[in-house]
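Residue numbers (the numbering used here): 4 to 611.
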């Protein structure tokens, strides 16, 4: 198991929190920077939930956001909640926990002065015909759990936003009936909201939502496309809907996100919408820190992952595609860089399979990029090949450490991870090329990666298998249906076998119609590209692996596929893990996952 994930520094830079591997299971851990045992607190992750975020509210309290699937009447719904943990007392305080709505964990503002009150929005009912269904904004004390209403819920308003002083300034309305969203705006010091913008999400219009407000004005900063269609940071007047100026445009790429200072008063940097999620620092101090790190990590990537309020203390991850990497603590005042922790102590500084980007042409001429990992100690010639499509499908693979791909490469296989059309990281035009092509050209792009490896003499065409998780699991199953003679075997991990209302139903979402329309743009006929309904075309053996506590893709997706394959007398194995979640965050589950992959590949596509 990775030793630490989601690591974050306290505002004073003296403590940290994160998910730690403790006795083979993930635990929430809070400690001092020097890992003083007397100051360490460890907490279990609530059963059948996944943690979406851990953040510090002040120097003493962290806030943990969780979500999970829960039965509501005859359906399964995603439920979100949050709780606070005090590092001194170890006390856990549930916040807005007893609200009867679906979502009660939407934090819209946190203080920067060390106080204990946050702003959070929560639903009070699951029934859309009740007023309490629409989220109300509360001021919540994270130490006592006491809450008082700030803004009463408004019909069709699902999200709220505040300025950096804690005043609610915007509401985001949405109606699934016509898939239209609208922006409600309140002037500084006012509680009167008026609609200032609308967008048809069904037609892929974007609502212009500010991430920062300019004090004393009606202006705010937002990320939006300029006249040339490039995503930039723009200043806009939200009363007149006039764009005032372009605040920042990167020469390298579109802007996907921003990094703000602790008090939310200034932009420290931007996250680019490229395949590496590059951070472009704008703040001189952050830029200087990154330069120091780049000089220290010559052949590795150094990424700042957490910063103290004064920007003098930083947690930094330094890693390579062939090693999990290490966490370092940077004292920006002195330039001192000290080791904080190994991401994976079992691997240490050992170098695994080398990796590189590769480019190839899809059969229709589209340029596709992928990641190729080659096993150590073997000539890159006529190797057994594993093609590993990524999940999402709105995601991408890049030159970062990937334990599944590295494990397989370590067993002697070449591994290719294609960023097929529809992947992120290559611009909106490339992502939209996936529309209407799920199960068609998207799948062909995966097969064309295999052909590239064969043409380059890297892969033996008679020894190819396809392995994937989540959407990649779907692609693995669909691969042996669409191209039954190309693969010797397939492994689907937490894969979707039957594309339903929105693939996994999205847990009773109020955006159900919108999500359905988005998926229909990917493929208009769910059944026509669902593996469950095309089993007769399968020739290769299939291994299904799925955790029963998966709250992202329902375990029943693999159950049904296994039963249908068995009835059809097809060669299928099913490894069902009773305690595993979507990400296999228990050591025992991860070990069984990898052992199952290894033994199945050894049987059906041996590396040697």
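Ideal placement from N, C-alpha and C gives every residue a C-beta, glycine not left out. Fair warning: this is a prediction, and the values are worked out from it, not measured in the lab.
Query, Result
"Within 9 Å, strictly: CB atoms of residue 482 and residue 394", "no"
"Nearest-angstrom Cα separation, counted from residue 202 out to residue 600", "46 Å"
"Limits of the beta strand (DSSP E) - the one that residue 495 falls within", "492-496"
"Unbroken stretches of the alpha helix (DSSP H), 4 residues or longer, contained in the region 434-488", "444-458, 474-485"
"Secondary structure, beta strand (DSSP E): runs of 3+ residues fully inside the region 106-132", "109-112, 120-125"
"Under 9 Å between C-beta atoms of residue 552 and residue 528", "no"
"When 53, 126, 146, 140 are compared against residue 91, the one with the closest alpha-carbon", "146"
"Beta-carbon contacts of residue 544 that lie in its chain and below 6 Å, excluding the five residues immediately before and after", "492, 574, 607"
"The region 332-351 touching the region 290-299, judged by at least three CB pairs closer than 8 Å", "yes"
"Straight-line Cα distance separating residue 419 from residue 453", "8 Å"
"Short Cβ contact (9 Å threshold) for residue 564 with residue 495", "yes"
"Beta-carbon proximity list for residue 103, same chain, < 7 Å, skipping 5 on both sides", "127, 128, 129"
"Residue 602: first and last residue of the uninterrupted alpha helix (DSSP H) it sits in", "590-607"
"Extent of the continuous alpha helix (DSSP H) to which residue 149 belongs", "Run containing residue 149: none; DSSP gives neither H nor E here."
"Segment limits, beta strand (DSSP E) that includes residue 532", "Premise fails: residue 532 is in no beta strand (DSSP E) and is neither H nor E."
"Cβ pair count under 8 Å reaching 3, the region 514-528 against the region 552-561", "no"
"Contacts around residue 62, its chain only, beta-carbon distance under 6 Å, and the 5 residues preceding and following it disregarded", "13, 14, 15"
"Residue burial classification, residue 301 (beta-carbon count within 10 angstroms, cutoff 16)", "exposed"
"Among 51, 611, 136, 69, the one whose alpha carbon lies nearest that of residue 463", "611"
"Alpha-carbon to alpha-carbon, residue 235 and residue 274", "11 Å"
"For residue 379, the three-state DSSP class (helix, strand or coil)", "coil"
"Residue interval of the alpha helix (DSSP H) (run including residue 569)", "559-570"
"Spatially closest choice to residue 549 from 354, 498, 157, by CA coordinates", "498"
"Span separating the alpha-carbon of residue 568 from that of residue 479", "15 Å"
"Helix, strand or coil at residue 26 according to DSSP, with G and I counted as helix", "coil"
"Secondary structure of residue 397, DSSP reduced to three states", "coil"
"Coil, strand or helix - residue 391 by DSSP", "coil"
"Where residue 196 sits in the DSSP three-state scheme", "coil"
"Cβ-based burial, residue 18 [other Cβ within 10 Å; buried from 16]", "buried"
"Residue(s) in a DSSP beta bridge with residue 311", "DSSP, once it has assigned bridges, lists no residue as partnering residue 311."
"Start-to-end residues for the alpha helix (DSSP H) that takes in residue 525", "515-525"
"Through-space distance from residue 68 to residue 216, alpha-carbon basis", "25 Å"
"Three-state secondary structure (DSSP) of residue 60", "coil"
"CB of residue 360 within 9 Å of CB of residue 310, strictly", "no"
"Option in 192, 245, 40 with minimal Cα separation from residue 200", "245"
"Where residue 415 falls: helix, strand or coil (DSSP)", "coil"
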